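Read in order, the letters of the sequence shown are residues 9 to 250 in this note's numbering. Report on one structure; see the data block that follows.
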Amino acid sequence: MSPVVSLSNVHKSFGALKVLDGVSFDVGVGEVAAIIGQSGSGKSTALRCINALETIQQGTIQVCGHAIHDPALDRRALRRDVGIVFQSYNLFPHLTVEQNIMLAPTCVKALSKGEARDLAREVLSHVGLEAKADQYPEQLSGGQQQRVAIARSLAMRPKLMLFDEVTSALDPQLTGEVLKVMETLAREGMTMILVTHEMAFARKVASKVVYMHQGRVWETGTGAMLDDPQTPELRAFIGNGL
Ligand SMILES: Nc1ncnc2c1ncn2[C@@H]1O[C@H](COP(=O)(O)OP(=O)(O)OP(=O)(O)O)[C@@H](O)[C@H]1O
9 MSPVVSLSNV
19 HKSFGALKVL
29 DGVSFDVGVG
39 EVAAIIGQSG
49 SGKSTALRCI
59 NALETIQQGT
69 IQVCGHAIHD
79 PALDRRALRR
89 DVGIVFQSYN
99 LFPHLTVEQN
109 IMLAPTCVKA
119 LSKGEARDLA
129 REVLSHVGLE
139 AKADQYPEQL
149 SGGQQQRVAI
159 ARSLAMRPKL
169 MLFDEVTSAL
179 DPQLTGEVLK
189 VMETLAREGM
199 TMILVTHEMA
209 FARKVASKVV
219 YMHQGRVWET
229 GTGAMLDDPQ
239 TPELRAFIGN
249 GL
């Protein structure tokens with residue numbers, strides 16, 4: 009079976025700054041890939057390139073059958089297949105939780121209000137927040153808002169979910185709630201790529217760990233790779249307690 013995501017020799021610079029220097033890796037169906045590495049190593053840029061939020065200068069990226077490097081890429085079709093959750097929740101403050109979730113299914117997928125409401129209730133129960141449907145984002149904790157953001161992505165029935173440091177702004181208890189939701193999704197077979205500083209989560213949940221250093225894939229392996237680093241760079245990174 010062809011991979012859901014395939015990066016081959018991807019290069020990306022911002023002006024004179026080379027951020028991705030020949031990055032290649034694949035993510036298969038149902039796989040959970042964790043991208044780890046020092047600050048500035050290019051993790052978020054790699055994730056943004058996968059979702060066509062950045063253009064690349066060289067190489068190829070295939071995502072759910074879409075050629076991301078192709079200037080003729082159908083971005084609307086890509087957005088339907090790929091969900092992305094960021095560190096900031098980006099919920100509309102003037103809409104209830106349920107209305108936030110209903111927005112994309114009604115606007116993009118042309119679902120009726122009733123269908124979208126049923127869907128919103130379903131995905132909210134998936135993240136344990138069905139009781140919060142009629143509340144406004146400001147009435148929720150950061151962890152709850154992030155779970156709503158995840159539910160909002162799930163409502164589009166994505167084939168792939170991307171998570172960019174989604175717990176970085178949360179305290180440890182709220183981080184735990186969000187990671188639990190992500191672990192459940194992983195167990196249910198969702199294909200996921202996450203940029204994370206949560207090493208324990210990467211070790212436990214990821215089927216593939218991609219360690220980036222200076223814009224390159226330095227080491228890849230299973231979560232067990234974190235217990236037995238092969239390069240001094242990864243050893244130092246883990247040693248720093250990150
Ligand atoms: N839009 C941009 N314009 C210019 N430089 C950028 C842009 N986005 C990222 N960079 C630079 O690219 C480098 C890699 O950034 P990136 O966010 O991918 O790193 P990261 O590994 O995700 O780091 P962190 O863990 O701190 O989020 C950094 O030096 C950053 O300043």
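We put the beta carbon where it would ideally sit given N, CA and C, even for glycine. It should be emphasised that the depicted structure is a prediction, and the values quoted were computed from it without experimental measurement.
Euclidean distance between Cα positions of residue i and residue j
i: I44; j: L86; result: 25 Å
i: L234; j: I246; result: 7 Å
i: P237; j: S133; result: 39 Å
i: G122; j: A163; result: 14 Å
i: V40; j: P240; result: 25 Å
i: H102; j: V156; result: 15 Å
i: F100; j: D34; result: 34 Å
i: L242; j: E227; result: 8 Å
Beta-carbon proximity check, residue i vs residue j, cutoff 7 Å
i: H77; j: T68; result: yes
i: Q154; j: V105; result: no
i: G136; j: L178; result: no
i: A210; j: A60; result: no
i: E173; j: Q95; result: yes
DSSP three-state assignment for residue i, whether helix, strand or coil
i: A80; result: coil
i: V135; result: coil
i: D29; result: strand
i: R88; result: helix
i: D235; result: helix
i: A163; result: coil
i: E185; result: helix
i: V93; result: strand
i: G247; result: helix
i: E130; result: helix
i: E227; result: strand
i: A41; result: strand
Alpha helix (DSSP H) segment containing residue i, residue limits
i: I58; result: K51 to I58
i: K212; result: M207 to V213
i: I109; result: V105 to C115
Element boundaries [beta strand (DSSP E), containing residue i]
i: V13; result: V13 to F22
i: Q140; result: Reading off the sequence shown, one finds Lys at residue 140, where the question assumed Gln. Looking at the DSSP string, K140 is not in any beta strand (DSSP E), and its letter there is neither H nor E.
Nearest neighbour of residue i, chosen from the options [CA to CA]
i: V260; options: A208, P166, Q143 and A124; result: A question about residue 260 goes unanswered here, because the residues of the chain that appear run from 9 up to 250.
i: Q46; options: A208, M220 and D82; result: M220
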